[in-house]
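Trainee: Sending over a structure as structure tokens; questions will come in a sec.
4 protein chains.
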Amino acid sequence: MNTFGKIFRVSLFGESHGEAVGVVIDGCPPGIQLSADDFLNDLSRRKSGRKGTTPRSEDDLPEILSGIYNGYTTGSPVTVISRNRNTNPSDYDKFSTVPRPGHADLTSRLKFMGYSDPRGSGHFSGRITWGLVAAGVIAKKILGGTVINASLKEAGGTADIEKAVEEAMKAGDSIGGIVECIIENPPLAAGEPFFYSAESAISQAVFSIPAIKAIEFGAGFRAASMRGSEHNDPFTDTKGTTLTNNAGGINGGITNGNPVVFRVAVKPTSSVGVEQTTIDFSTGKAVKLKAEGRHDACIALRMPVIVEAAAAVALADLLLIDRGISGKQRS
Amino acid sequence: MNTFGKIFRVSLFGESHGEAVGVVIDGCPPGIQLSADDFLNDLSRRKSGRKGTTPRSEDDLPEILSGIYNGYTTGSPVTVISRNRNTNPSDYDKFSTVPRPGHADLTSRLKFMGYSDPRGSGHFSGRITWGLVAAGVIAKKILGGTVINASLKEAGGTADIEKAVEEAMKAGDSIGGIVECIIENPPLAAGEPFFYSAESAISQAVFSIPAIKAIEFGAGFRAASMRGSEHNDPFTDTKGTTLTNNAGGINGGITNGNPVVFRVAVKPTSSVGVEQTTIDFSTGKAVKLKAEGRHDACIALRMPVIVEAAAAVALADLLLIDRGISGKQRS
Amino acid sequence: MNTFGKIFRVSLFGESHGEAVGVVIDGCPPGIQLSADDFLNDLSRRKSGRKGTTPRSEDDLPEILSGIYNGYTTGSPVTVISRNRNTNPSDYDKFSTVPRPGHADLTSRLKFMGYSDPRGSGHFSGRITWGLVAAGVIAKKILGGTVINASLKEAGGTADIEKAVEEAMKAGDSIGGIVECIIENPPLAAGEPFFYSAESAISQAVFSIPAIKAIEFGAGFRAASMRGSEHNDPFTDTKGTTLTNNAGGINGGITNGNPVVFRVAVKPTSSVGVEQTTIDFSTGKAVKLKAEGRHDACIALRMPVIVEAAAAVALADLLLIDRGISGKQRS
Amino acid sequence: MNTFGKIFRVSLFGESHGEAVGVVIDGCPPGIQLSADDFLNDLSRRKSGRKGTTPRSEDDLPEILSGIYNGYTTGSPVTVISRNRNTNPSDYDKFSTVPRPGHADLTSRLKFMGYSDPRGSGHFSGRITWGLVAAGVIAKKILGGTVINASLKEAGGTADIEKAVEEAMKAGDSIGGIVECIIENPPLAAGEPFFYSAESAISQAVFSIPAIKAIEFGAGFRAASMRGSEHNDPFTDTKGTTLTNNAGGINGGITNGNPVVFRVAVKPTSSVGVEQTTIDFSTGKAVKLKAEGRHDACIALRMPVIVEAAAAVALADLLLIDRGISGKQRS
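Protein chains in written order, with this note's numbering: chain C, 1180 to 1510; chain H, 1180 to 1510; chain X, 1180 to 1510; chain F, 1180 to 1510.
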């Protein structure tokens, strides 16, 4: 079930310490100009957590295996992979009996009956989002004039993000954050009323990003305490522009042409240097646990480009479905 | 795209003032005891917004068209419909040129190129959730020992819901609310890590309910301001019970056996008796608009059973997928 | 899994002696002119096995439950049903212990663990193709200028079909037949190379018609004994017209603009008045069995319109997918 | 649309002269013992066209990128690729204006608007079936006790296959053939009555193998000239064994436990050394064309293992669906 989409279909694969991570993008329109370089900016943002910097190492360089010819997509599946450098990490076996709180150690073991790759969280690692970001690069090209911008609005409960991160690091602890995504000039009339509404599609994609635990569109949770007369967005012209945007650009599950706006909550990194109590499942006894080595104090820093990718992939699929059914190329 | 699910598949159809609304449930296991009566309680909750009351009229009575024989599901698709009583309502044509703020009038017209049924919002009406609730009844039976309970926690920003509704009615206005859903004894190890995580599946289903604009699992948005050491849920026994439940019962997209907990925000009803300014799309001029007739002051009152149904349908599908792939009947 | 298609999606439901049979068509483009009358010709062909005659009774009259407004499809799911008249037939229970050879009595019982509706073969009845024919009517409209014609070429091994049927009836036996389907002016470039090639899609749809056991495209089985120089179809103009059509209008899984041609084999009706030996599963003893009442001596007579419907539904889905991905309206 | 399956999902990618060909297998049960060596026998059969020989070069050696850990499948997607050796072949550009008869040159150019990779037929090459064979190896393991055997029964119209191939080679021509596939001890009760019957699923998979133009189950086309009393397979014991197997092991779209038997027609290789007439699409004039270099005189020789793979993949998906819905592990 590691595939998103009905027409524009994105399949992720890989483990953090296996041979490679990657993505197959099927249903990709032919004729999109694309080279390995096109992936670098977004992959670099994902890696560094900062916009516009270059990758520190070559770990993340994409290798295109299929679907591109003479600099353009061919219409057949595009496959892009990234080799893993460190495939022989320190021992993760202990987590099979002493699962780390907040991690997927226990659930992955249960689900896959003890066979899941435990090294660096395996297929449950944030590393797997590499392929999602790569797919997002292509999706953004399909969306053409649409501009998707996600940014970290707060971390650890404050807008002074730098300070919050510093404090968390000092404490050997981690913090979460809130990422806001604004999509200007989205595809018009995208979204299928039931089960594949714009909110359904975006949230389905977004909730496969590890660590995301909440999403709200437009006024979101604030809508619950608003009056209808206040929440309804009045139209101001015949293009459908609205005075306010409490709907987050979506009515009845369908984009209305105003910016699509949503926010997601990123939980704090599960690995912390602070000592925690858990259970040794082999003995049933309480034990102390403490993450060793370097860990992100705030994974939310890396999230904006991943959230953008999830949104792009969802909207690209909705666009292709809509133009298939309606036969219209809407602008 | 009005279908949810990969194995247990729910297809909704109908318009609020057409002949009927209904649902086809495919991939429904054979041998589930089921009669028309089994639908009444949940359909009644949906109708009245109150648990345990009976339907005031027979509008909502379910008619089973297929898939049941001798009181049991047969394994072939179950179809249940409800005839609409009022199929010739007052004129809705004006909304095609003067779209109501907050409604899908404009987006449905754009998407369906003027052909959508405008009567009572047509296929975009809350009436279509009738079929979802019917599917939820079957899904709950499939889930067996799982107990799903959703309730309205606040409306219009307060826990004194009755008072909030009264005030909104007096003002001819409407209010939103927050519904919390707690799923005790959920299927274990349900959820596929990428793109069909437990959060992905539940949110995809939930966001097709008209008026829902936000969802959060476990600590949700609060997680963004928590520290990792605080957010991580320590295990307390070898069954995987955790001391806290900030994860909302889901790690790595997979249910961990603790209660699945989520909250959704319901926006205020779009139809309000308060005068609103909008645009007449045929003239480009600003006009005043005011909803006539009776309207729900707080649709959130009806939401708990619909949210339960969405969650049940998502979990039933995850359960069937997991047992297909793993070959295990987990308890 | 009673659904066909990825964008234009057809879900069949019903049992032969249940309340009704029917179909939900999702992903149906808005703006297609459609009324109940439009179904009559094809439904009548299905019923009588003869083109252009009217239904003898009103059993087959379609009732539209959703998706049509003011004579046009709305873009939301179209649901069409037909009530069953005879819902209390003679006893079919004996077939649960003495399964009829050639029927699905045993497999349906095994698969659905004894819960399947046995009356008149239930969901395994040819009656379920009623909904497929209804969907085919809509699919044909979507295909526009495409002309689909299926006809019975031989029955019981001869082209003198009338005589063959007569002889079979006299013998209380049944015969099979071969139906050929020719699709003039098919959608161009329809078909996805792997797993949803034009042949894959058509055969997937066709093989859900009960009694069909073989399909061949173009030269089909004859191709196995041809030389390449003979089988290859030389182009004769720059529109891609070919001198011969051994490929059946499909190269690399994609329609090439020449007529799509395929043939299917229909097995003889399983119910025969001739005495047959089978096993009583409750005793393990051999028993004699003989079908009572009236039975079709040659169901192949009714097949052409059903085969057309299967082909239409498959091509409509391929058309919508292609135009979604390519963004082109090909003519 | 390069994906097969609903639960056990196989996605093919690659071009014959691109970087690599490969496959992602999602929904693969955890705990299946698997190493690169396990692929060699079937990949060798595909390459050489003969059972049991070893690959002549290392071109075909599989590289596992994901989904395996400590010699077992992990439950996350399995990705296997094969690097292409010859990625800079002689000029194929001419085929864009002078499409080869029988090939996908014209249709691929039309469909992908001139962007498809023309080198060695690109994504339309038989080389892409490498990934299908790899998936088949895993599918066969999932099917456990099921034994799938396909063999070439005739080529060029005769059972003396060796002689037929020799003659075709001498003539610089090519021949087709008939492959029969017998599946002993198939999964019981596999197949969903409508649209994913055993015949539907198998034929959908089989018809994505380039060059296959026909399929028949059991008596197949012969059924069309049989009487019902002759075609019906009488049961001989309470396990459901039948005296004859005209149904090819499938009743009502569901496997009945008897061997599943089907035959496919393979058309002759399109590339022939014989001079052929076609059209130069840039000038509209007739031109002569003749394939240069070495070409398979009879691709049907390589087909058995590919057909087995298609059948295995289809049955594995049906098995997982059935056990998901029924909750039964049937033996």
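Just so it is clear, CB atoms sit at the ideal spot from N, CA and C, and this is done for glycine as well.
According to DSSP, is residue 1273 of chain H part of a helix, a strand, or is it coil?
Mentor: Correct three-state label for residue 1273 of chain H: helix.
Trainee: Drop a sphere of 10 angstroms on the beta-carbon of residue 1392 of chain F, count the other beta-carbons inside from all chains shown, and report buried for 16 or more, exposed for fewer.
Mentor: By the 10 Å Cβ count, residue 1392 of chain F comes out buried.
Trainee: Leaving aside the five residues before and after residue 1390 of chain X along the sequence, list all residues of the same chain whose C-beta is less than 6 angstroms from its C-beta, in chain order.
Mentor: If we look at residue 1390 of chain X and ignore the five residues flanking it on each side, its Cβ neighbours are 1445, 1446 and 1478.
Trainee: Using the Cα positions of residue 1263 of chain F and residue 1369 of chain C, report the straight-line distance between them to the nearest angstrom.
Mentor: Answer to the nearest angstrom: the Cα atoms are 40 angstroms apart.
Trainee: Along chain A, in chain order, which residues have C-beta atoms closer than 9 angstroms to that of residue 1245 of chain H?
Mentor: In the displayed structure, chain A is absent; the protein chains listed are C, H, X and F.
Trainee: In three-state DSSP terms, what is residue 1194 of chain F?
Mentor: The answer is coil: DSSP assigns residue 1194 of chain F none of H, G, I, E or B.
Trainee: Alpha carbons only, please: which of X:1361, X:1305 and X:1347 is nearest the one belonging to residue 1328 of chain X?
Mentor: Looking at the Cα atoms, X:1361 is the closest of the given residues.
Trainee: Hey, how far is the Cα of residue 1471 of chain H from the Cα of residue 1498 of chain X?
Mentor: So the alpha carbons of these two residues sit roughly 44 angstroms apart.
Trainee: Compare the C-beta of residue 1185 of chain X with all C-beta atoms of chain C and state if any pair is closer than 9 angstroms.
Mentor: For residue 1185 of chain X, the answer is yes, since a Cβ of chain C falls inside 9 angstroms of its Cβ.
Trainee: Given a threshold of 16 other Cβ atoms within 10 Å of its Cβ, counted over all protein chains shown, does residue 1383 of chain C qualify as buried or as exposed?
Mentor: Buried is the call here.
Trainee: Anything in chain C within Cβ reach of residue 1302 of chain F, meaning under 9 angstroms, just list it in chain order.
Mentor: Going along chain C in sequence order, the residues near residue 1302 of chain F (Cβ under 9 angstroms) are 1245, 1246, 1253, 1254, 1255 and 1256.
Trainee: In whole angstroms, what is the alpha-carbon distance linking residue 1473 of chain F and residue 1216 of chain X?
Mentor: If you take the alpha carbons of residue 1473 of chain F and residue 1216 of chain X, they lie about 59 angstroms apart.
Trainee: Measure how close the beta-carbons of residue 1358 of chain H and residue 1483 of chain H come, nearest whole angstrom, since I'm counting them as under 8 angstroms.
Mentor: Residue 1358 of chain H to residue 1483 of chain H, Cβ: 6 angstroms. Contact.
Trainee: Would you mind giving the Cβ-Cβ distance between residue 1496 of chain X and residue 1185 of chain X, rounded to the nearest angstrom? I have them listed as a contact below 8 angstroms.
Mentor: So it is a contact: roughly 6 angstroms between Cβ atoms.
Trainee: Straight-line CA distance for residue 1469 of chain F to residue 1418 of chain X?
Mentor: Taking the straight line joining both Cα atoms gives about 22 angstroms.
Trainee: Can you look up residue 1214 of chain F in the DSSP assignment and give me helix, strand or coil?
Mentor: Residue 1214 of chain F falls in the coil class under three-state DSSP.
Trainee: Per DSSP, what kind of secondary structure is residue 1209 of chain H in: helix, strand or coil?
Mentor: DSSP places residue 1209 of chain H in coil when its eight states are reduced to three.
Trainee: Pick helix, strand or coil for residue 1507 of chain H, following the three-state DSSP scheme.
Mentor: The answer is coil: DSSP assigns residue 1507 of chain H none of H, G, I, E or B.
Trainee: For residue 1259 of chain H, is the classification buried or exposed, using 16 other Cβ atoms within 10 angstroms of its Cβ as the cut-off for buried?
Mentor: Buried.
Trainee: Note down, one range per segment and in chain order, each alpha helix (DSSP H) of at least 4 residues found wholly within the segment 1273 to 1311 of chain X.
Mentor: Taking only runs of at least 4 residues, the alpha helix (DSSP H) segments lying wholly in the segment 1273 to 1311 of chain X are 1284 to 1290.
Trainee: Name the chain X residues that come within less than 9 angstroms of residue 1206 of chain C, Cβ to Cβ?
Mentor: By Cβ distance, chain X contributes 1371, 1500, 1503 and 1504.
Trainee: Based on DSSP bridge pairs, tell me the residues matched to residue 1333 of chain X.
Mentor: DSSP lists X:1357 as partners of residue 1333 of chain X.
Trainee: What does the alpha-carbon distance come out to for the pair residue 1211 of chain H and residue 1442 of chain C?
Mentor: Distance between the alpha carbons of residue 1211 of chain H and residue 1442 of chain C: 41 angstroms.
Trainee: Counting contacts by CB-CB distance shorter than 9 angstroms, is residue 1182 of chain C in contact with chain F?
Mentor: By this cut-off, residue 1182 of chain C is an interface position.
Trainee: Buried or exposed for residue 1214 of chain H, please, with buried defined as at least 16 other CB atoms from any protein chain shown within 10 angstroms of its CB.
Mentor: With fewer than 16 other Cβ atoms within 10 Å, it is exposed.
Trainee: Give the interface partners of residue 1508 of chain H over in chain F, defined as CB-CB distance under 7 angstroms, in chain order.
Mentor: Ordered by position in chain F, the residues that pass the 7 angstroms Cβ test against residue 1508 of chain H are 1506.
Trainee: Classify residue 1367 of chain C as helix, strand or coil using the three-state DSSP reduction.
Mentor: Three-state result, residue 1367 of chain C: coil.
Trainee: Does the separation of the CB atoms of residue 1381 of chain H and residue 1503 of chain F fall below 9 angstroms?
Mentor: Result no, Cβ atoms of residue 1381 of chain H and residue 1503 of chain F do not sit closer than 9 angstroms.
Trainee: Cα-Cα, which of X:1411, X:1400, X:1239 and X:1430 is closest to residue 1518 of chain X?
Mentor: Any property of residue 1518 of chain X remains undetermined from this structure, which presents chain X solely from 1180 to 1510.
Trainee: Can you tell me whether residue 1451 of chain X is helix, strand or coil according to DSSP?
Mentor: Note: residue 1451 of chain X maps to coil in three-state DSSP.
Trainee: Excluding sequence positions up to five away, which residues of its chain have a Cβ less than 6 angstroms from the Cβ of residue 1306 of chain H?
Mentor: For residue 1306 of chain H, where only same-chain residues beyond five positions count, the Cβ hits under 6 angstroms are 1195 and 1200.
Trainee: Going by DSSP in three states, residue 1469 of chain F sits in which element: helix, strand or coil?
Mentor: Looking at residue 1469 of chain F - three-state DSSP - the assignment turns out to be coil, as it is neither helix nor strand.
Trainee: Check whether the segment 1238 to 1258 of chain H and the segment 1289 to 1299 of chain X are in contact - that is, three or more C-beta pairs closer than 8 angstroms.
Mentor: These segments touch.
Trainee: How many whole angstroms separate the CB atoms of residue 1352 of chain X and residue 1453 of chain X, which I take to be in contact at a CB cut-off of 8 angstroms?
Mentor: Residue 1352 of chain X to residue 1453 of chain X, Cβ: 5 angstroms. Contact.
Trainee: Please classify residue 1367 of chain X: is it buried, with 16 or more other beta-carbons within 10 angstroms of its beta-carbon, or exposed?
Mentor: Flag for residue 1367 of chain X reads buried.
Trainee: With H, G and I counted as helix, E and B as strand and the rest as coil, what does DSSP make of residue 1444 of chain C?
Mentor: Residue 1444 of chain C: strand per DSSP, three-state reduction.
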